[in-house]
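Reading through the structure tokens given below for one structure.
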Amino acid sequence: MADAVVVLLVADDETVVDHAKRRLAASDESLEVEVASSIEVVLDTIDLVKPDCIVTEFRLPDGDGVDLIETLTDRGYNLPVILYSEVESEVVVERAADIELDGYIQRDGPGTFELVSNQVHQAVEAYQARRNLELSERRHRELTNWISDGLFVVDTDWQYTFVNRSGADTVEREPEEMLGQTVWSVFPEIVGSPFEALLRTTMEDREPGQLEAPYGPHGRWYEVRTFPTQEGISILFSDITDRVQRVETLSSLHAVAGELFQAAETDSACRLAVDALDEVLGYPLCGVWLVDDTGDALEPTRTIGRDRLDVDPPSFHRDASLAWEVYESGQSRVFDDISTETALHNPDTLIRSEMIVPIKDHGVIVVSSLEPAAFDADDLQVVELTAYHLESSLERIEHERRIERERNRFEAAFNTVPEPAVHVVFDGEEPRIKRVNEAFVETFGIDAETAPGRRLDSIIVPSQESHAASEINRAVKAGDRYETELIRKTPDGERPFLFTAKAMPSTEEATAEAIATYVDLSNQFERELELQRQNARLEHFADVLSHDIPNHLTSAAGYLELAQETGDPAHFEQVATAHDRIESLLGDMQQLIKTGSPIEVIEPIELKSLAWTAWGACFSDDEMATLEVADDMHIMADRSRLTQMLDNLFWNAMEHAGRSPVVRIGPLENGFYIEDDGPGIPEEERDLVFNPGYTTSSRGTGFGLAIVREVSWSHGWEVTLTEGTDGGARFEFTGVEVVH
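Okay, so the sequence shown: first residue is 3 according to this note's numbering, each after it adds one.
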């Protein structure tokens with residue numbers, strides 16, 4: 003019977019045994035009754051019968067029921083025992099005062115066997131419950147002794163009632179010396195600490211608690227969790243020092259990552275990375291090596307600790323070092339004993355273990371130790387994380403440098419555009435100014451500092467042009483290039499412009515940008531005149547290139563041939579002279595080009611002071627040349643161009659009036675004049691002398707007066723050549739803005 007309860011009935015009276023056996027079986031079918039006549043028989047059969055409960059007579063041949071219980075207990079049998087006897091209860095109670103019975107029934111009473119059956123079931127159930135509880139408690143004790151966390155249990159008097167093995171080992175104690183002792187006597191240092199506050203709060207409030215804090219005497223960090231129990235509180239704790247240190251390390255690296263994100267230069271980024279590794283890991287040697295411009299070597303950029311070996315940081319070359327192997331493979335390597343490696347840069351090194359971590363496409367981080375097998379997995383993780391952040395920083399720095407170079411090139415090109423130009427960003431369909439060039443500022447009277455962000459159309463579009471401007475905006479935003487003639491507002495009134503716009507890649511997603519220029523059509527006549535002047539210059543340049551320079555080259559070649567044939571050094575001097583003439587021609591042509599370009603900046607200039615400066619560059623103090631300049635002459639001009647013009651006029655006077663000329667500078671109604679006391683220039687040649695290359699001197703290039711005219715034109719002046727007071731050459735400049 004699967005659910006049968008085995009009862010061992012102990013009695014020496016066969017009549018009683020048979021009667022009891024029959025009545026028990028009849029009263030409860032779940033009972034399976036076995037019989038033993040004495041204590042000795044019980045001991046012989048108990049392992050075979052394996053009873054769930056023992057029902058015994060008080061009087062037995064070799065003792066009594068109490069003797070049976072004591073004997074079974076001494077032999078290690080812990081079974082429920084019910085006393086079934088005709089003996090008066092007082093006798094049994096007195097005899098069994100020192101033992102614990104599971105039941106007592108006086109024989110031959112009413113309902114005796116029903117009582118026996120009930121007490122058997124109750125006793126078996128209670129016994130099984132006790133066994134299950136004991137088994138559970140034993141398993142719990144075994145489990146708590148084997149868990150890695152520490153577990154202490156204290157009662158309401160703060161005495162330790164349980165200490166597991168892990169907990170005792172963690173605090174370097176034996177469980178036996180802690181049990182029965184109070185928390186405060188075993189660990190007096192926690193009084194007044196956060197740990198004491200946690201324990202008392204849990205004990206008083208009967209609520210779980212948790213704390214992470216350092217414990218000073220151990221120099222370690224612990225995580226402590228507390229739980230209320232029936233007898234007091236349970237304390238579950240673990241040593242989290244390694245985790246805290248890892249968190250601190252990661253926090254340090256996170257802070258370094260933020261600094262690396264801000265680093266503006268490669269050197270500063272490498273310094274931040276190496277200094278962080280030195281602080282976090284503390285190994286003797288650490289450094290960053292970056293690939294050089296040739297791509298064939300890794301050069302030290304930032305190192306710490308090399309002075310301890312009394313050597314300079316080496317360069318690691320292709321195919322000649324472990325660092326280069328790691329750089330090419332892109333895989334980190336840890337060498338527990340590098341003395342066993344063959345591809346060593348320095349076979350005699352004192353280093354024994356080394357970590358080399360690649361910085362993708364940039365170089366490597368090297369961490370070294372003088373001890374073998376110095377590094378663990380956490381060390382490698384720290385270096386790899388640092389390398390990742392450094393790689394990101396170096397990529398950002400290079401990207402920003404490329405952007406800065408492109409921006410500088412764009413700014414330079416944008417600012418040198420001679421026409422008004424504006425860079426706009428579209429806000430919906432509306433263009434807003436991003437930058438303007440100087441020509442735009444001058445033409446439209448806008449402040450370059452406050453222009454960014456302003457609505458372009460609100461500044462320069464007349465009201466009658468607003469609808470057309472909207473159409474133009476949509477076309478520019480949608481297309482690559484757009485060109486049309488339009489009217490725009492300027493400080494001097496509305497003027498016609500040739501408008502050209504080109505869409506450009508945006509620096510931000512979902513944003514359109516464009517560059518637009520405005521060619522002032524109201525100055526068409528001046529432009530055509532300037533074009534004529536440029537064409538004239540080109541014709542003169544062509545004459546010089548096709549005639550004068552080839553002549554000098556032919557002369558040089560001839561003298562060179564004579565020098566080779568005769569060996570006469572004088573011929574070489576002629577060759578040099580021809581080359582000097584060519585150089586002078588080319589230099590003057592270049593100067594003429596510059597002087598003919600538009601004036602960018604004009605300023606008030608005291609003519610007398612500037613004239614004496616230019617004069618000093620042409621004539622020394624020991625020469626008898628004379629300069630006379632009227633006082634209080636101030637004009638608006640470009641200082642550099644005006645100096646250049648004065649230089650050419652003074653040199654012209656020197657060529658034609660000798661080394662002791664008299665040069666005068668004086669005022670005109672709307673300008674000034676410059677004259678000398680030389681032989682003058684015949685009237686029929688006065689229009690020709692301004693042509694590039696025209697000269698009556700064997701030493702001149704013929705560009706001096708051409709440069710004078712170009713400077714005059716670039717200022718918007720007119721220059722006229724006439725006869726001077728003493729018969730020399732007189733140059734009159736009119737249309738000049740005179741400052742009074």
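Cβ atoms here follow ideal geometry from the backbone N, Cα and C, with glycine treated the same way.
Contact holds between the stretch 724-740 and the stretch 660-677, because three or more Cβ pairs, one in each stretch, are under 8 Å apart. Between Val368 and Gly297, the C-beta spacing is not below 8 Å. When Trp614, Phe621, Arg641 are compared, the shortest CA-CA separation from Val631 is found for Trp614. Burial state of Arg133 is exposed, judged by a 10 Å Cβ sphere holding fewer than 16 other Cβ atoms. Inclusion of Val9 and Glu42 in the CB contact set at 8 Å is not warranted, their separation being larger than that value. Ala271 places its beta carbon less than 8 Å from that of Leu396. From the listed residues Gly706, Ser460, Leu324, the smallest Cα separation to Asn693 is found for Gly706. For Ile340, the secondary structure class from DSSP, reduced to helix, strand or coil, is helix. The shortest C-alpha to C-alpha distance from Asp380 to any of Thr388, Pro374, Glu373 is the one to Thr388.
With a beta-carbon spacing of about 20 Å, Arg456 and Arg476 fall beyond the 8 Å limit used to define contacts. Contact check for Ala516 and Lys504: beta-carbon distance about 6 Å, within the 8 Å limit, so the pair qualifies. Sequence-distant partners of Val165 (beyond 5 residues in either direction) whose C-beta falls short of 7 Å from its own C-beta, in its chain, are Phe154, Pro177, Met180, Leu181. Take the alpha-carbon of Gln383 and the one of Leu352: they are about 25 Å apart.
The residue among Val188, Tyr217, Pro210, Glu209 with its C-alpha nearest the C-alpha of Phe197 is Tyr217. In the three-state scheme derived from DSSP, where H, G and I count as helix and E and B as strand, Met656 is classed as helix. Nearest to Gly673 by C-alpha distance, out of Phe442, Asp49, Phe733, is Phe733. A distance below 8 Å separates the beta carbons of Ala299 and Arg320.
In the displayed model, Tyr285 falls within coil according to three-state DSSP, outside both helix and strand. In this structure, the beta-carbon distance from Val83 to Ile56 falls below 8 Å. Exclusion of the five residues before and after Leu629 leaves Trp617, Val665 as the residues of its chain whose Cβ lies within less than 6 Å of its Cβ.
The three-state reading of DSSP puts Lys52 in coil, since its state is none of H, G, I, E or B. About 15 Å separates the CB atoms of Ala415 and Ala518; that is not less than 8 Å, and the two are not in contact. Beyond the five residues adjoining it in sequence on each side, Ser714 comes within less than 8 Å, by CB distance, of Met647, Glu720, Val721, Phe735 in the same chain, given in chain order.
Rounded to whole angstroms, Glu343 and Ala376 show a C-alpha spacing of 16 Å.
In the three-state DSSP reduction, Asp280 falls in the helix class (H, G or I). Counting only the Cα atoms, Glu687 lies some 46 Å from Ile489. CA-CA distance, Thr502 to Gly668, rounds to 46 Å.
Ser39 carries a coil assignment under DSSP once its states are collapsed to helix, strand and coil. Boundaries for Met205: no beta strand (DSSP E) harbours it, while the alpha helix (DSSP H) harbouring it runs 196-207, taken from the DSSP string. Shown here for Ser662: same chain residues with a beta carbon closer than 8 Å to its own, the five before and five after excluded, namely Glu625, Met626, Ala627, Thr628 in chain order. Out of Gly737, Ala659, Val521, Glu671, the CA that lies nearest to the CA of Gly729 is found in Ala659.
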